[in-house]
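Undergrad: Below is one structure. I have some questions about it.
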Amino acid sequence: MHSSFEGPLSSSSESEDVSVTLASFCLSLLLSFCMLLAVESVAFEPFDSDPGCTDGVGMEEDVTGAPDSCNFFLIKSSADGELCTLEGLGAAASRPPVVIAGAFRRSTISNSFCISTISELLSKQHLSELKSHLRVTKPATFLDQLLNSGIDSDLVFRFFNWSQKEFRFSYDLEPTVKLLHSLANSKRYSKVRSFMDSFVKNRKHTVSSVFHSLLLGGGRSSATVLIIDMLVLAYVRNLEMHSAYEGFKRAQDYGFKLSLTSCNPLLSALVKENRIGDVEYVYKEMIKRRIRPNLNTFNVFVNGLCRGGKLNKAEDVFEDMKAWGVSPNVVTYNTLVDGYCKRGGAGKMYKAEAIMKEMVAEKICPNEVTFNTLIDGFCKDENVLAAEKAFEEMQKQGLKPNTVTYNSLINGLCNNGKLEEAVDLWDKMVGLGLKPNIVTYNALINGFCKKKMMKEAKKVFDDITEQELVPNAITFNTMIDAYCKEGMMEEGFALRSSMLDEEILPNVSTYNCLIGGLCRKRDLRTAKELLIEMENNGLKGDVVTYNILIDGSCKIGKPRNAEKLLNEMFNLGLKPNHVTYNTLMDGYCMEGNLKAALNVRARMEKERKQPNVVTYNVLIKGYCKIDKLEAANNLLNEMLEKGLNPNRNTYDIIRLEMLEKGFIPDIEGHLYNISSMS
Numbered sequence: 001m002h003s004s005f006e007g008p009l010s011s012s013s014e015s016e017d018v019s020v021t022l023a024s025f026c027l028s029l030l031l032s033f034c035m036l037l038a039v040e041s042v043a044f045e046p047f048d049s050d051p052g053c054t055d056g057v058g059m060e061e062d063v064t065g066a067p068d069s070c071n072f073f074l075i076k077s078s079a080d081g082e083l084c085t086l087e088g089l090g091a092a093a094s095r096p097p098v099v100i101a102g103a104f105r106r107s108t109i110s111n112s113f114c115i116s117t118i119s120e121l122l123s124k125q126h127l128s129e130l131k132s133h134l135r136v137t138k139p140a141t142f143l144d145q146l147l148n149s150g151i152d153s154d155l156v157f158r159f160f161n162w163s164q165k166e167f168r169f170s171y172d173l174e175p176t177v178k179l180l181h182s183l184a185n186s187k188r189y190s191k192v193r194s195f196m197d198s199f200v201k202n203r204k205h206t207v208s209s210v211f212h213s214l215l216l217g218g219g220r221s222s223a224t225v226l227i228i229d230m231l232v233l234a235y236v237r238n239l240e241m242h243s244a245y246e247g248f249k250r251a252q253d254y255g256f257k258l259s260l261t262s263c264n265p266l267l268s269a270l271v272k273e274n275r276i277g278d279v280e281y282v283y284k285e286m287i288k289r290r291i292r293p294n295l296n297t298f299n300v301f302v303n304g305l306c307r308g309g310k311l312n313k314a315e316d317v318f319e320d321m322k323a324w325g326v327s328p329n330v331v332t333y334n335t336l337v338d339g340y341c342k343r344g345g346a347g348k349m350y351k352a353e354a355i356m357k358e359m360v361a362e363k364i365c366p367n368e369v370t371f372n373t374l375i376d377g378f379c380k381d382e383n384v385l386a387a388e389k390a391f392e393e394m395q396k397q398g399l400k401p402n403t404v405t406y407n408s409l410i411n412g413l414c415n416n417g418k419l420e421e422a423v424d425l426w427d428k429m430v431g432l433g434l435k436p437n438i439v440t441y442n443a444l445i446n447g448f449c450k451k452k453m454m455k456e457a458k459k460v461f462d463d464i465t466e467q468e469l470v471p472n473a474i475t476f477n478t479m480i481d482a483y484c485k486e487g488m489m490e491e492g493f494a495l496r497s498s499m500l501d502e503e504i505l506p507n508v509s510t511y512n513c514l515i516g517g518l519c520r521k522r523d524l525r526t527a528k529e530l531l532i533e534m535e536n537n538g539l540k541g542d543v544v545t546y547n548i549l550i551d552g553s554c555k556i557g558k559p560r561n562a563e564k565l566l567n568e569m570f571n572l573g574l575k576p577n578h579v580t581y582n583t584l585m586d587g588y589c590m591e592g593n594l595k596a597a598l599n600v601r602a603r604m605e606k607e608r609k610q611p612n613v614v615t616y617n618v619l620i621k622g623y624c625k626i627d628k629l630e631a632a633n634n635l636l637n638e639m640l641e642k643g644l645n646p647n648r649n650t651y652d653i654i655r656l657e658m659l660e661k662g663f664i665p666d667i668e669g670h671l672y673n674i675s676s677m678s
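For reference, each letter of the sequence shown is one residue, going 1 to 678 in full-length UniProt numbering.
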């Protein structure tokens with residue numbers, strides 16, 4: 001055998017061989033050193049790791065020591081340190097490996113070169129290159145390393161969204177919360193907001209679990225409080241009202257103080273859902289938690305109380321505003337005016353008008369909404385004269401009436417039988433360049449129908465399509481009802497067919513109009529067939545439907561059939577009203593069966609419905625019909641003792657059924673004006 005070195009340098013070729021060998025050896029050492037650095041830069045972790053093995057990173061090396069290839073590979077070692085398998089990431093992994101010291105511990109991203117490289121891949125969205133690394137690394141592991149590296153939170157957020165879509169991967173709550181804190185601390189509020197929306201839509205975690213994780217992840221830091229605020233807001237925005245309300249309640253338990261950012265939208269959403277009790281709770285809790293209300297808070301709360309008919313409380317809150325140093329604005333006053341106009345009860349319009357006067361005294365100018373609300377309120381209160389005065393005052397204040405203003409007045413005039421004035425106002429409206437809408441047409445059609453002017457009503461109806469407007473269900477129902485009341489059933493059914501042609505589905509009111517028309521024609525069989533058709537079309541008869549059928553049965557002398565319909569109502573979960581019971585009592589009274597009528601009354605009282613004036617009128621007339629005038633007189637006294645005032649029908653019954661039969665009512669303890677009966 002010959003030695004590799006026989007002398008210093010025996011020949012030039014030998015010299016070259018030695019140089020190559022030395023260079024290769026040095027390069028091997030250099031690359032080994034680089035690999036040690038790289039271990040700290042990139043972590044590889046397979047999805048299918050053997051449970052008995054731990055992950056390590058090694059380097060391929062030729063057995064001679066000359067590195068003809070040098071690539072990262074994954075070494076899986078068992079618990080006792082023996083090598084299990086080798087997964088090459090470059091060259092074949094069949095050669096014996098040289099394991100780099102320290103490679104079996106989980107690595108983290110810390111090398112500045114790798115951080116900048118990963119940042120560049122994410123910022124330039126070279127995500128396909130990043131994807132190759134994730135073939136052997138779990139997204140959750142990679143995300144955790146990114147979060148710990150101090151990399152820009154925007155880029156981490158980009159990776160988070162991309163990896164979820166790319167790998168259909170769902171992150172646990174802990175890294176999600178960690179990312180939220182990272183974004184919040186970086187003041188990336190818009191990204192926190194969008195993140196929250198997708199997080200809430202996922203519906204994966206309960207409110208309590210999220211709060212718990214946020215508390216563990218960031219304590220009660222300002223970032224955590226901001227995240228909680230945005231979380232409640234996200235629940236509201238995505239209509240997850242149960243979670244939003246729970247979030248508001250639990251925030252206090254966890255020691256988080258919410259702000260108006262979430263509280264005001266929560267209040268507003270609860271008002272829209274008519275959860276007035278919850279609205280009151282949230283407001284009271286806000287005060288208790290020292291979340292200072294602003295003008296928007298008060299306006300929303302006052303609106304909620306008005307919608308719930310709690311007008312006295314609304315006025316109390318209105319006064320509280322001043323104590324908080326918050327001045328009511330035009331919205332506050334308009335809300336109160338609207339509340340009294342719609343739900344104020346007796347004397348409501350007087351109060352609404354008084355609020356507007358106070359508004360003017362406080363130098364807050366009423367606007368179009370104020371006057372429109374007041375005009376509509378007066379019209380619905382059947383005080384058209386006051387509505388017209390408000391209309392004039394509106395114009396004096398330099399405000400221009402709009403379509404809403406004219407619609408309210410036209411409707412009010414039509415309902416009060418002032419059809420000519422309504423038509424004149426229509427013409428004035430058009431002359432001012434205001435285009436009537438479907439509400440205007442419906443009001444005028446209703447006016448003509450009330451006057452039984454069906455030709456004129458049909459003319460206005462036909463004009464709708466000529467003006468490129470589309471009739472709605474109210475338009476058709478108004479016409480159908482008028483035709484049916486006039487006994488023009490063919491025209492009524494023809495319009496029902498036209499509704500379908502216009503792709504407007506008949507509703508319960510449509511069927512009620514037709515059923516009512518058939519009952520007036522004493523055609524109960526067809527009326528019941530229509531009820532079946534209605535149910536087959538997915539519509540359920542309501543209390544009005546059954547009241548019509550009960551009345552129809554009584555009118556043809558079949559009150560027992562009517563009582564079967566009453567039983568059917570209970571089976572369907574419908575609650576009969578006074579009209580139902582009074583109609584059935586009247587049916588029995590008409591055939592002289594007072595015993596059955598009184599049984600119906602007893603049934604009504606059992607359902608906690610006390611007899612009203614109509615009930616007494618029906619029974620008094622029933623007793624008079626069978627000449628039991630003393631019994632009728634006793635009922636009259638009972639009615640008065642209960643504080644019920646006789647109406648015109650009561651006087652007519654006394655005059656026609658008692659006085660004309662020579663019986664003068666003996667009303668004990670009551671002054672009775674006989675002259676008012678004449």
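The C-beta atom is built at its ideal place from N, Cα and C for all residues, glycine as well. Values in this document were obtained by computation on a predicted structure and should not be read as measured data.
Expressed to the nearest angstrom, what Euclidean distance is found between the alpha-carbon atoms of Asn617 and Lys342?
TA: Answer to the nearest angstrom: the Cα atoms are 30 Å apart.
Undergrad: How close, in whole Å, do the beta carbons of Asn512 and Leu539 come, if the pair is a contact with beta carbons under 8 Å?
TA: That belief does not hold up - the Cβ atoms of Asn512 and Leu539 are roughly 10 Å apart, past 8 Å.
Undergrad: Is DSSP giving Gly662 helix, strand or coil here?
TA: DSSP places Gly662 in coil when its eight states are reduced to three.
Undergrad: For Val326, which residues in the same chain have their Cβ closer than 8 Å to its Cβ, ignoring the five residues on either side in sequence?
TA: Same-chain partners within the cutoff: Pro293, Asn294, Leu295, Phe298.
Undergrad: Give a yes or no on whether the C-beta atoms belonging to Tyr406 and Leu385 are separated by under 9 Å.
TA: Not closer than 9 Å, so no.
Undergrad: Please list the terminal residues of the continuous alpha helix (DSSP H) segment that includes Asn161.
TA: Where Asn161 is concerned, the enclosing alpha helix (DSSP H) stretches over 153 to 167.
Undergrad: Please say whether Asn582 and Asn612 have beta carbons closer to each other than 9 Å?
TA: A contact, by the Cβ cut-off of 9 Å.
Undergrad: Can you tell me which of Asp278, Gly219, Leu226 puts its alpha carbon nearest to the alpha carbon of Glu246?
TA: Selected option, being the one with the closest Cα: Asp278.
Undergrad: Please report how far the alpha carbon of Pro175 lies from the alpha carbon of Cys263, in whole angstroms.
TA: Straight-line Cα distance between these residues: approximately 28 Å.
Undergrad: Quick check: is the beta carbon of Gly219 nearer than 9 Å to any beta carbon in chain C?
TA: This model lacks chain C altogether; it includes just one protein chain.
Undergrad: Counting along the chain, where does the alpha helix (DSSP H) carrying Gln252 start and finish?
TA: Element bounds for Gln252: 241 to 253.
Undergrad: Report the start-end ranges of each alpha helix (DSSP H) in the UniProt repeat "PPR" (577 to 611) that is 4 residues or longer and not cut off at the edges.
TA: Those alpha helix (DSSP H) runs which fall completely within the UniProt repeat "PPR" (577 to 611) and span 4+ residues are 578 to 590, 594 to 606.
Undergrad: By DSSP, does Ala522 sit in helix, in strand, or in coil?
TA: The amino acid at residue 522 is misidentified as Ala; the sequence shows Arg. Correct three-state label for Arg522: coil.
Undergrad: Alpha carbon to alpha carbon, what distance is there between Cys589 and Glu660?
TA: Using only the alpha carbons, I get a separation of about 20 Å.
Undergrad: Any chance you could list the beta strand (DSSP E) runs of at least 3 consecutive residues sitting entirely within the stretch 435 to 474, in chain order?
TA: Taking only runs of at least 3 residues, no beta strand (DSSP E) segment lies wholly in the stretch 435 to 474.
Undergrad: Please return the same chain residues whose Cβ sits closer than 7 Å to the Cβ of Ile620, not counting the five positions on each side in sequence.
TA: These residues qualify, in order along the chain: Ala632, Leu635, Leu636, Ile653.
Undergrad: Can you tell which of Leu215, Ser222, Lys284, Ile364 has its C-alpha closest to the C-alpha of Tyr254?
TA: Taking only the C-alpha atoms, the option nearest Tyr254 is Leu215.
Undergrad: Among the residues of its own chain, which have a CB less than 7 Å from the CB of Leu566, if the five just before and after it don't count?
TA: Here the set comprises Ile550, Pro576, Thr580, Leu584.
Undergrad: Could you check where the alpha helix (DSSP H) with Tyr189 kicks off and where it finishes?
TA: Looking at the DSSP string, the run of the alpha helix (DSSP H) that includes Tyr189 is 189 to 202.
Undergrad: Roughly how many whole angstroms lie between the Cα atoms of Glu563 and Lys555?
TA: Straight-line Cα distance between these residues: approximately 13 Å.
Undergrad: Would the beta-carbon of residue 683 fall within 9 Å of that of Gly447?
TA: The chain is shown only over 1 to 678; residue 683 falls outside these bounds and no answer can be derived.
Undergrad: Can you list, in chain order, the residues of its chain with a C-beta nearer than 6 Å to that of Arg522? Leave out the 5 residues immediately preceding and following it.
TA: The answer, listed in chain order, is Ile556.
Undergrad: Going by the beta-carbon positions, is the gap between Gly552 and Arg520 smaller than 9 Å?
TA: Result yes, Cβ atoms of Gly552 and Arg520 sit closer than 9 Å.
Undergrad: Would Phe256 and Val225 be called neighbours here (beta carbons separated by less than 9 Å)?
TA: Yes, they are a contact pair.
Undergrad: So Asp381 packs on Met359, CB below 8 Å; how close in whole Å?
TA: With a Cβ gap of about 20 Å, Asp381 and Met359 do not count as contacting.
Undergrad: Is the beta carbon of Thr370 sitting closer than 9 Å to the one on Met356?
TA: Contact flag set, yes.
Undergrad: Please go through the stretch 336 to 397 and give each complete beta strand (DSSP E) segment of 3 or more residues, from N-terminal end onward.
TA: Whole beta strand (DSSP E) segments, 3+ residues: zero.
Undergrad: My output table needs one value for Gly517: the three-state DSSP class, helix, strand or coil.
TA: Residue state, collapsed to three classes: helix.
Undergrad: Count the other CB atoms within 10 Å of the CB of Leu30; is the residue buried (16 or more) or exposed (fewer)?
TA: Reliability of the predicted coordinates at Leu30 is poor, the pLDDT of 40 falling under 50, and no value is obtained from them.
Undergrad: If we ignore side chains and look at the alpha-carbon of each, how far apart do Val302 and Met241 end up?
TA: Each residue's alpha carbon lies about 20 Å from the other.
Undergrad: Applying the criterion that 16 or more other CB atoms from any shown protein chain within 10 Å of the CB defines a buried residue, is residue 680 buried or exposed?
TA: With the chain running from 1 to 678 in the structure shown, residue 680 is simply not present.
Undergrad: Would you tell me roughly how many angstroms separate the C-alpha atoms of Lys450 and Glu362, rounded to the nearest one?
TA: Taking the straight line from one Cα to the other gives about 43 Å.
Undergrad: Evaluate the contact criterion for the stretch 150 to 167 versus the stretch 202 to 210: three or more CB pairs, one atom per stretch, below 8 Å.
TA: Verdict: no, contact absent.
Undergrad: Return the CA-CA distance between Gly669 and Leu640, expressed in angstroms with no decimal places.
TA: Because the pLDDT at Gly669 is just 42, under 50, the model does not fix this residue reliably, and the point stays unresolved.
Undergrad: Can you tell me which of Trp324, Asp320, Asn312, Ala323 puts its alpha carbon nearest to the alpha carbon of Val337?
TA: The candidate whose alpha carbon is nearest that of Val337 is Asn312.
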